[in-house]
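**Q**
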Amino acid sequence: MTGTPAAARPHLPAVDGELLSCYGAALAAYLDAIGGGWLPVLGSASPLDVRPEADGVLAFRHLPPGLRAAGGPLPLVRRASPSGAEALAGIGDELAAAGAVVVVGDAFDLPWLTAHGRRHAPHWFVVDGHDGGRWHVRDEFRASDDLGDQTPWSGWADDAQLRAWNRRVPDLTLPFLLQERHAFADEGEDDAHLHADHQWFAVRGPADPAPPPDPRPESWHSGPAALHALADHFERHGGREDGYVQADEIWTAARQRALHARHAEWRAGPAADPAEAAAAAALAESAADWARLPMMIRFARLSLLRPGEPRTGPLVAALRELAAADPN
Numbered sequence: 001m002t003g004t005p006a007a008a009r010p011h012l013p014a015v016d017g018e019l020l021s022c023y024g025a026a027l028a029a030y031l032d033a034i035g036g037g038w039l040p041v042l043g044s045a046s047p048l049d050v051r052p053e054a055d056g057v058l059a060f061r062h063l064p065p066g067l068r069a070a071g072g073p074l075p076l077v078r079r080a081s082p083s084g085a086e087a088l089a090g091i092g093d094e095l096a097a098a099g100a101v102v103v104v105g106d107a108f109d110l111p112w113l114t115a116h117g118r119r120h121a122p123h124w125f126v127v128d129g130h131d132g133g134r135w136h137v138r139d140e141f142r143a144s145d146d147l148g149d150q151t152p153w154s155g156w157a158d159d160a161q162l163r164a165w166n167r168r169v170p171d172l173t174l175p176f177l178l179q180e181r182h183a184f185a186d187e188g189e190d191d192a193h194l195h196a197d198h199q200w201f202a203v204r205g206p207a208d209p210a211p212p213p214d215p216r217p218e219s220w221h222s223g224p225a226a227l228h229a230l231a232d233h234f235e236r237h238g239g240r241e242d243g244y245v246q247a248d249e250i251w252t253a254a255r256q257r258a259l260h261a262r263h264a265e266w267r268a269g270p271a272a273d274p275a276e277a278a279a280a281a282a283l284a285e286s287a288a289d290w291a292r293l294p295m296m297i298r299f300a301r302l303s304l305l306r307p308g309e310p311r312t313g314p315l316v317a318a319l320r321e322l323a324a325a326d327p328n
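In the UniProt record's numbering, the protein residues as written are 1 to 328.
Encoded structure:
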């Protein structure tokens with residue numbers, strides 16, 4: 001391994017998987033393993049970009065812009081192979097070169113996850129060591145849902161296990177494809193890689209194409225416009241079960257607000273001047289408002305099981321109130 005873990009570096013807190021999506025948790029663990037500043041890189045902003053796609057499906061971007069831009073902190077490109085053996089060799093090469101590797105898997109196949117054997121979903125984890133023919137795997141993701149309480153995990157895998165864990169979901173639905181394409185909050189790469197059986201990320205090399213600029217195209221709704229787009233979505237589709245297929249994206253957006261608030265608190269420090277302290281407190285208050293959205297979505301969804309009209313009104317109103325309060 002390379003770098004110094006965050007817990008051993010002064011002032012930078014340990015990775016907190018309760019503030020991160022599964023994608024963010026993998027990127028945070030990767031940055032931590034290579035000696036990067038996971039909190040300032042991932043928590044410096046809390047943008048929300050939304051773009052309508054087909055059949056009521058939306059594309060989302062949650063993380064700060066420019067992560068993979070020229071000179072950015074995460075110059076990673078997706079590698080792909082139909083061969084598990086070839087993927088394992090690629091992961092080994094990247095581990096030797098960079099000290100850690102972000103690996104793409106399916107939650108259904110990962111034995112440390114509550115979704116193991118129960119639900120398919122894309123899931124990223126980190127390989128950060130190799131010793132005696134075994135690979136060290138790290139996953140900082142923490143969450144609670146209908147499948148149980150997920151806690152961070154680290155452990156060892158042999159070649160056969162890592163090959164089995166490094167398999168994409170069997171059915172790359174449009175919501176899954178959009179999650180993978182925009183996981184770095186950019187326009188993504190060639191979608192052909194997303195359909196390969198085995199995928200991982202490597203530091204961009206001279207033979208890789210330069211990253212495209214990230215101008216936040218006009219096709220995306222940002223800030224208050226994104227919140228109004230979400231409110232419109234639930235007004236139109238909240239009366240159907242499939243209108244909630246991307247409910248986890250709202251949960252991810254709420255976590256990004258909490259992460260941004262944590263970053264502001266960390267940056268201000270105990271000796272913050274009044275302006276910094278007030279700004280950090282305002283972000284914490286906003287994050288608390290966002291944290292109520294996932295439960296409101298749950299109540300709206302459960303209302304579909306009861307007689308009468310679906311109770312989407314409180315959720316829609318909350319989204320529009322957040323839009324009105326958004327300083328962007």
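For every residue, glycine included, the Cβ atom is placed at its ideal position computed from N, Cα and C.
Measuring only the C-alpha atoms, how far is Asp-139 from Gly-308?
**A** For Asp-139 and Gly-308, the distance between alpha carbons rounds to 43 angstroms.
**Q** Which whole-angstrom value is the C-beta distance of Arg-181 and Leu-194, which I expect to be below 8 angstroms?
**A** With 8 angstroms as the limit, Arg-181 and Leu-194 qualify as a contact, their Cβ atoms being about 7 angstroms apart.
**Q** Using 8 angstroms as the cut-off, can you tell me whether the segment 264-277 makes contact with the segment 217-224, which would need three or more C-beta pairs spanning the two stretches below that distance?
**A** These segments do not touch.
**Q** Rank Pro-152, Gln-150, Trp-156 by C-alpha distance to the C-alpha of Gly-133 and give the top, closest one.
**A** Of Pro-152, Gln-150, Trp-156, the residue nearest in Cα terms is Trp-156.
**Q** Span of the alpha helix (DSSP H) holding Leu-88?
**A** First-last of the alpha helix (DSSP H) with Leu-88: 84-98.
**Q** Hey, is the segment 119-130 in contact with the segment 52-66, meaning 3+ C-beta pairs nearer than 8 angstroms?
**A** Contact between the segment 119-130 and the segment 52-66 is absent, because fewer than three Cβ pairs lie under 8 angstroms.
**Q** Return the first residue and the last residue of the beta strand (DSSP E) that Val-50 is part of.
**A** 49-52 is the extent of the beta strand (DSSP E) around Val-50.
**Q** Please check the pair Pro-224 and Ala-323, which I expect to be a contact at CB under 8 angstroms, by giving their CB distance rounded to whole angstroms.
**A** Contact holds; Cβ gap of about 4 angstroms.
**Q** Evaluate His-11 with the Cβ neighbour count: other Cβ atoms within 10 Å of its Cβ, from every protein chain shown; 16 or more gives buried, anything less gives exposed.
**A** The residue is exposed, with fewer than 16 neighbouring Cβ atoms inside 10 Å.
**Q** Indicate whether Arg-257 and Ser-286 have their beta-carbon atoms separated by less than 8 angstroms.
**A** Their beta carbons are under 8 angstroms apart, which means Arg-257 touches Ser-286 by this criterion.
**Q** Identify the continuous beta strand (DSSP E) that holds Ala-287 and give its terminal residues.
**A** Taken as a continuous stretch (DSSP letters only), Ala-287 belongs to no beta strand (DSSP E), being part of the alpha helix (DSSP H) at 274-291.
**Q** Just curious, the alpha helix (DSSP H) that Gln-179 is in, first and last residue?
**A** Per DSSP, Gln-179 belongs to the alpha helix (DSSP H) from 174-181.
**Q** Could you tell me the distance, in whole angstroms, from the CA atom of Phe-201 to the CA atom of Arg-311?
**A** Spanning the two alpha carbons is a distance of roughly 42 angstroms.
**Q** Sorted by chain position, which residues of the same chain lie with C-beta nearer than 8 angstroms to Pro-294's C-beta, five sequence neighbours on each side aside?
**A** Closer than 8 angstroms at the Cβ level, and outside the excluded window around Pro-294, lie Ala-247, Ile-250, Trp-251, Ala-254.
**Q** Grab me the residues of Asp-197's own chain with a C-beta within less than 7 angstroms of its C-beta, minus the 5 sequence neighbours each way, in chain order.
**A** So the qualifying residues of the chain are Pro-82, Arg-167, Arg-168.
**Q** Just the Cα atoms here: how many angstroms apart are Pro-314 and Met-296?
**A** Answer to the nearest angstrom: the Cα atoms are 7 angstroms apart.
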